[in-house]
Amino acid sequence: MDNTDSILADKARRAQGEVHRPSDASVATISPPPTIDEDEYQAEGSGSQEPEPESSHSPGYFAPSATAKLPPYSSPSISSLDAQNRPALPKGPQYYPGLPVLDYRQYLPPMFELSPDTSTITSRAHYLSENVKALATLLRNLATVPPKPQIHITGNRGRKVDFSLKLNLMSLLIPDDPTHRMDYVRLINKDEMGYRGGQAPSLQPEINDASLEDWCQEFIEDEATNKSFVLERVVANMDTNWLEGQIRSLVASTNYKGVVTVTFPVTHSRVVVQTPDKVNKFFTSVSTLFSGRSKYEVVKAVWPFATHRNGEPGRRCIVQSEKTWWEEWKDPIKYGVGTKRNGWVTNEDKLECIMESKGKGLSIVDWGPDF
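Under the numbering used here, residues 27 to 397 are what the sequence shown spells out, in order.
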């Protein structure tokens with residue numbers, strides 16, 4: 027009788043504690059109840075009462091066995107790991123060893139087309155002709171990368187081209203330290219002739235203290251059927267006349283008797299935003315011939331080669347002076363002329379001239395008759 031009362035009292039005490047019931051989920055997902063400390067368990071029952079066997083639990087509960095095997099581990103899929111570890115697209119300037127640190131995506135953004143001569147990118151996106159903020163933000167971003175100034179040197183005798191050299195000068199506009207950059211955005215002055223809307227340069231409309239957003243507003247509110255807004259990238263304070271003189275003197279020292287042409291083209295220099303085509307490009311081109319186009323060329327991204335023109339006091343070059351550049355490149359140019367190069371003169375040529383003295387003491391060979 028005493029034993030029966032003890033068992034009933036023990037069950038009453040357990041009823042007052044936490045009850046673990048199986049949920050509606052599958053048995054495989056049921057978590058076992060928390061472990062009860064041995065001292066606490068004995069305090070709840072009588073001193074001589076042994077713990078009840080596991081079979082006394084409710085029917086839905088399965089006690090874990092010491093020999094029971096855990097379910098197999100399911101690792102995350104490779105695709106999910108790739109998605110987590112995939113690096114985000116870089117923002118801002120990008121680093122490529124041996125190249126200037128620039129955001130090169132700005133040279134050909136989405137919805138732009140590059141001209142065959144690589145001088146101009148053009149967009150006819152609707153939103154650029156409808157949203158002032160979008161247009162102004164785009165132009166400011168595109169102004170953060172420089173144009174690509176070059177030197178082209180050609181020698182020909184009649185129709186025969188003996189050599190055609192090209193050199194890239196873009197690195198002379200970008201210092202190693204970004205804090206030393208001097209590029210800036212310049213807007214047209216109120217007393218400066220230019221395309222302010224319309225088909226010819228003019229002083230009207232005159233906008234006092236106009237910002238880039240003000241000119242973008244003028245462009246968007248212009249009711250002309252065909253209109254364009256242009257950002258021009260320009261190089262300032264580079265003495266191309268001095269460089270041309272040095273090149274011609276160098277070629278003349280080789281006794282070359284052909285005609286030498288030296289030019290300084292600048293590519294990636296224009297950004298054009300046009301109104302979308304009403305029908306197609308051909309229709310727009312034909313209609314423009316008769317109605318003309320309203321042009322806005324009021325903003326420039328200026329990339330100085332130096333703070334002042336050559337010879338002016340206080341002049342400081344962004345990277346190096348024309349003279350220093352010439353001392354580094356005159357031998358590679360001379361070697362390219364002597365070997366009838368048709369293509370780019372690169373750092374590899376300069377390295378060979380430094381390491382192997384190529385270009386020093388080189389004279390033009392006899393290439394036959396002039397014509």
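Backbone N, C-alpha and C fix where the C-beta goes; we use that ideal spot for every residue, glycine too.
Quick check: the stretch 202-210 against the stretch 129-142, are there 3 or more CB pairs under 8 Å?
no
Straight-line gap, residue 146 to residue 140 (C-alpha atoms, nearest Å):
6 Å
Own chain partners of residue 380 with C-beta closer than 6 Å, once the 5 adjacent residues on each side are dropped
none
Residue 256, DSSP secondary structure in three states
strand
If I measure Cβ to Cβ from residue 107 and keep anything under 7 Å in the same chain, skipping five residues before and after, which residues do I get?
Residue placement at residue 107 cannot be trusted, given a pLDDT of 48 that sits under 50; what the coordinates show is reported in the next sentence. Within the same chain, residue 107 has no close Cβ partners at all.
State buried or exposed for residue 74, treating a residue as buried only when at least 16 other CB atoms are found within 10 Å of its CB.
Reliability fails at residue 74, whose pLDDT of 45 lies under 50, so the model's placement of it is uncertain and no value is given.
Report the residue from 171, 244, 233 whose alpha carbon sits nearest the alpha carbon of residue 157.
244
Consult DSSP for residue 275 and reduce its assignment to one of helix, strand or coil.
helix
Where do the N-terminal and C-terminal ends of the beta strand (DSSP E) with residue 341 fall, by residue?
Where residue 341 is concerned, there is no enclosing beta strand (DSSP E), given that its DSSP letter is neither H nor E.
Could you please give the first and the last residue of the uninterrupted beta strand (DSSP E) stretch that includes residue 181?
174-183
Return the chain-ordered list of same chain residues with a C-beta closer than 6 Å to the C-beta of residue 148, the five sequence neighbours on each side being excluded.
139, 298
Return the chain-ordered list of same chain residues with a C-beta closer than 6 Å to the C-beta of residue 163, the five sequence neighbours on each side being excluded.
none
Alpha-carbon spacing of residue 254 relative to residue 300, whole angstroms
4 Å
Going by DSSP in three states, residue 332 sits in which element: helix, strand or coil?
strand
Local conformation of residue 327 per DSSP, three classes:
strand
Do you know how far the Cα of residue 340 is from the Cα of residue 271?
24 Å
Among 120, 154, 220, 150, the one whose alpha carbon lies nearest that of residue 171:
120
Specify the secondary structure class of residue 244 as computed by DSSP and reduced to three states.
helix
With which residues is residue 321 paired in a DSSP beta bridge?
254
Please go through the same chain and pick out, in chain order, the residues whose beta-carbon is closer than 8 Å to the beta-carbon of residue 234, but skip the five residues on each side of it.
216
So, residue 152 versus residue 302, is the Cβ gap smaller than 8 Å?
yes
Using the beta-carbon count (16 or more within 10 Å), is residue 218 buried or exposed?
exposed
How would you write the range of the alpha helix (DSSP H) that residue 187 sits in, first residue to last?
Note, residue 187: premise wrong, no alpha helix (DSSP H); beta strand (DSSP E) at 186-194.
Is it the case that the Cβ atoms of residue 123 and residue 293 are separated by a distance below 8 Å?
no
Assuming contact is defined by CB atoms lying nearer than 8 Å, are residue 360 and residue 385 in contact in what I supplied?
yes
Which first and last residues belong to the alpha helix (DSSP H) in which residue 163 is found?
158-168
Residue span of the beta strand (DSSP E) that contains residue 369, given as start and end:
368-370
In or out: residue 295 buried (at least 16 other Cβ within 10 Å) or exposed?
buried
At the level of alpha carbons, what is the spacing between residue 57 and residue 137?
Confidence in residue 57 is poor, its pLDDT being 49 and thus under 50, which makes the residue's placement too unreliable to answer from.
May I have the straight-line CA-CA distance separating residue 343 from residue 268, to the nearest angstrom?
15 Å
Tell me whether residue 231 is buried or exposed, calling it buried when 16 or more other Cβ atoms sit within 10 Å of its Cβ.
exposed
Looking only at C-alpha atoms, which of 328, 213, 237 sits nearest to residue 259?
328
May I ask you to report which of helix, strand or coil DSSP gives residue 171?
coil
Is DSSP giving residue 218 helix, strand or coil here?
coil
List the endpoints of the continuous beta strand (DSSP E) containing residue 213.
210-213
For residue 287, does the three-state DSSP call read helix, strand or coil?
strand
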